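Residue numbers (this note's numbering), protein chains in the order written: chain L, 1 to 159; chain H, 1001 to 1234.
Heads up, the thing below is written out as structure tokens.
Here it is in structure tokens:
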């Protein structure tokens, strides 16, 4: 059912960032209580529902990650480990799926290591420092990769 | 690192929203961005741009059903949550349709997010309770078993001192049955008495009337009906 899918998606996002089941459960609880109480803060003119839910979830999970002693994901990031084109989830509306395809195309247009760093940052909630360590490059290089990647990505997404 | 490899501070300002959404910032920087978000609409728009565009990346994350215990904890936390600081009461009149429909969407999400989490829930029923001018005032969702009903305000209601009472008119009947009092400014979860649970079916009508404090003294609506709608399958 659609909304059970939503909780599974959000729990998956929490788990990916926190890498810890009980922390992920805490964040999921926090997210749904927030949604419950702050529903009036949702602005459909600004975001689709799933974007709103994912944004709340990621922000809570990242804050929890920064605050906690949860062991960080430190495995190396392979630039070649390109995530294959994800099948659009059943809950997505058509235009959302199109937007996701566009994102995938724009990411493909980046240097492989730049897009790998951007994906890892978004999915793992990793800081610049962690990403630099995981890809074995100096911090300044990592910042530069990500910022260049973001500038190029924005031009592609807007174009 | 070569100078060529670095991006100057001038560019950083444009990217802080993207960096915030991406999640690469530390705690202090994140709080700084959030502080600025409270007063810089341009930054809000920039963050929204990146959130909308990058969310697709999460398609690569496998969904994981949360354990059933997670639901019980959420239910407890919602039950214990204090009423939200409310903007509803500060506004004297119905807002424009645009705001009402935005709030309707939000209310629907809250109602469904709640009901949808109930373990084993089958397709829930939903109703939009509209006023006489067609404006949506409340959204309700009901578990398939009919035991639990969630009702969320979908509009900014006047701060009427009267009580808001929710009624069920079962399909094919005319006599309203009280389901309890609801709040114009916050979502409410009601446990449905077992004798009525089976009658929350598609085509049953839900209605809200204004009643004296504490609810209707007669067991039937005594004041004006401000919202009504039929339950439908989602």
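We put the CB at the ideal spot given by N, CA and C, even for glycine.
Computed from a predicted structure; not experimentally measured.
Query: Interface flag, residue 9/L vs chain H, CB-CB below 8 Å; Result: yes
Query: Where the alpha helix (DSSP H) through residue 1029/H begins and ends; Result: 1027-1037
Query: Local Cβ density within 10 Å of residue 1059/H, reported as buried at 16 or more and exposed below that; Result: buried
Query: Residue span of the alpha helix (DSSP H) that contains residue 129/L, given as start and end; Result: 128-134
Query: Buried or exposed (CB count within 10 angstroms, at least 16 for buried), residue 74/L; Result: exposed
Query: Burial state of residue 1051/H, where buried means 16 or more other Cβ atoms lie within 10 Å; Result: buried
Query: Coarse secondary structure for residue 74/L, derived from DSSP in three states; Result: coil
Query: Residue-chain proximity (residue 110/L, chain H), Cβ-Cβ < 8 Å; Result: no
Query: Interface partners of residue 18/L on chain H, CB under 7 Å; Result: Near residue 18/L there are no residues of chain H at all, since even the closest Cβ is about 12 Å away, more than 7 Å.
Query: Residues in the segment 1044-1064 of chain H having any Cβ partner in chain L nearer than 7 Å; Result: 1048, 1051, 1052, 1053, 1054, 1055, 1056, 1057, 1058, 1059, 1060, 1061, 1062, 1063 and 1064
Query: Local Cβ density within 10 Å of residue 1056/H, reported as buried at 16 or more and exposed below that; Result: buried
Query: Secondary structure of residue 1229/H, DSSP reduced to three states; Result: strand
Query: Proximity winner among 1196/H, 1173/H, 1068/H and 1062/H, relative to residue 1180/H (alpha-carbon distances); Result: 1196/H
Query: Bridge partner(s) assigned by DSSP for residue 1127/H; Result: 1140/H
Query: Closer than 8 Å to chain L by CB, residue 1026/H; Result: yes
Query: Segment limits, alpha helix (DSSP H) that includes residue 1166/H; Result: Unbroken run through residue 1166/H is the beta strand (DSSP E), 1163-1169; no alpha helix (DSSP H).
Query: Members of the segment 1183-1212 of chain H that neighbour chain A once the beta carbon cut-off is set at 7 Å; Result: Checking the listed chains, one finds no chain A in this structure; the protein chains it contains are L and H.
Query: Range covered by the beta strand (DSSP E) that runs through residue 1182/H; Result: 1177-1182
Query: Three CB pairs or more closer than 8 Å across the segment 143-155 of chain L and the segment 104-123 of chain L; Result: yes
Query: Chain H contact residues for residue 126/L, given Cβ-Cβ distances below 9 Å; Result: 1023 and 1024
Query: With 16 other Cβ atoms within 10 Å as the buried cut-off, status of residue 1193/H; Result: exposed
Query: Where the beta strand (DSSP E) containing residue 1151/H begins and where it ends; Result: 1148-1153
Query: Closer than 8 Å at the beta carbon, the chain H residues around residue 13/L; Result: 1058 and 1061
Query: Listed by chain order, chain L residues near residue 1036/H by CB distance under 7 Å; Result: Residues of chain L passing the Cβ test: none, with the nearest at roughly 15 Å.
Query: Neighbour flag for residue 1016/H against chain L, beta carbons, 8 Å; Result: no
Query: Span separating the alpha-carbon of residue 1132/H from that of residue 1151/H; Result: 19 Å
Query: Whole-angstrom distance between residue 68/L and residue 10/L, CA atom to CA atom; Result: 20 Å
Query: Buried or exposed (CB count within 10 angstroms, at least 16 for buried), residue 58/L; Result: buried
Query: Closer than 9 Å at the beta carbon, the chain L residues around residue 1127/H; Result: Those do not exist, as residue 1127/H stays about 16 Å from chain L at its closest Cβ, beyond 9 Å.
Query: Environment of residue 30/L [buried if 16+ CB atoms lie within 10 Å]; Result: buried
Query: Neighbour flag for residue 119/L against chain H, beta carbons, 8 Å; Result: yes
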